[in-house]
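Counted from 1, the sequence shown has number 64 at position 64 by the UniProt record's numbering; the numbering is strictly sequential.
Beta carbons are placed, not taken as given, at the ideal position from N, Cα and C, and that holds for glycine.
For reference, the structure discussed in these notes is given below.
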Amino acid sequence: MSPNSTYAHARFDVLGVLGSSTSHVWNGLTVYVKPHCHRTMSSLEHAADVPAHKDVNRDPGDYVALNKSLRACFVCRLVKSEAQFVESGCDNCKFLDLEGDRGRVADYTTPNFSGLISVMDPSSSWATKWLHLSKYVPGCYTLMVNEDVPDSLQDILEDRGIKIRTAH
Numbered sequence: 001m002s003p004n005s006t007y008a009h010a011r012f013d014v015l016g017v018l019g020s021s022t023s024h025v026w027n028g029l030t031v032y033v034k035p036h037c038h039r040t041m042s043s044l045e046h047a048a049d050v051p052a053h054k055d056v057n058r059d060p061g062d063y064v065a066l067n068k069s070l071r072a073c074f075v076c077r078l079v080k081s082e083a084q085f086v087e088s089g090c091d092n093c094k095f096l097d098l099e100g101d102r103g104r105v106a107d108y109t110t111p112n113f114s115g116l117i118s119v120m121d122p123s124s125s126w127a128t129k130w131l132h133l134s135k136y137v138p139g140c141y142t143l144m145v146n147e148d149v150p151d152s153l154q155d156i157l158e159d160r161g162i163k164i165r166t167a168h
């Protein structure tokens, strides 16, 4: 099977960790990636506040310290640093009022998650539809939160009629 026939009409734009090569072995499968560079700033205008969007010339060593403080929102699974959640809250879940409140950030986000997916264009990606992320802002999301939702957050979600997928 050739890379072009594997590519078909699906765009493999969500796994940002793959780099620029055309084929990769991922979980025992060979994945062919056709690069595309037609993204415009309009697709990132409402993107989550992530360091890569701010300074593309940043030293990669700076990200090591950032990775130790990554947290995922229990509700939408958006991944940001603790400082980013405190500074700007959750871009998808404004009702959580995380902005400026370290206590709420600690309660309603978790460092206990598995896997990452980078989303550039949520509305047109098959992977975001499959993962129920298509209505969220572009950004990095965890594939799974490995912790139970706190009771206080569960009450807020029940009052709003929101059900979330859990690992258990």
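Residue i, DSSP secondary structure in three states
i    : result
G103 : helix
F74  : coil
Y80  : Note that residue 80 is Lys in the sequence shown here, rather than Tyr. Residue state, collapsed to three classes: strand.
I162 : coil
V86  : helix
Y108 : helix
S152 : helix
T142 : strand
Among the options, nearest to residue i - alpha-carbon criterion
i    : options                  : result
V86  : D101, F74 and C73        : D101
G103 : S118, A83, S134 and V137 : A83
P150 : T110, S88 and C76        : T110
V79  : F95, V137 and K129       : V137
V105 : D159, E158, I162 and S69 : S69
K135 : K163, P122 and R77       : P122
H132 : K163, K94, D155 and S81  : K163
Cα-Cα separation between residue i and residue j, rounded to whole angstroms
i    : j    : result
D148 : C90  : 19 Å
N92  : M120 : 15 Å
A72  : M144 : 9 Å
S152 : N146 : 18 Å
D159 : G139 : 27 Å
Q154 : N112 : 17 Å
Contact under 8 Å by Cβ, residue i with residue j
i           : j    : result
Y108        : L98  : yes
residue 196 : S125 : Residue 196 falls outside the range modelled here, since the chain spans only 1 to 168, and no answer is possible.
Contacting residues, own chain, Cβ-Cβ under 6 Å from residue i (five flanking each side not counted)
i    : result
L96  : C90 and Y108
T128 : V119, P122 and S134
C76  : N92, C93 and Y136
Cβ-based neighbour list, residue i, same chain, cut-off 8 Å, excluding 5 preceding and 5 following
i    : result
S42  : In this prediction, S42 has a pLDDT of 45, which is less than 50 and means its spatial position is unreliable; nothing more can be read from the coordinates.
L157 : V75, V149, K163 and I164
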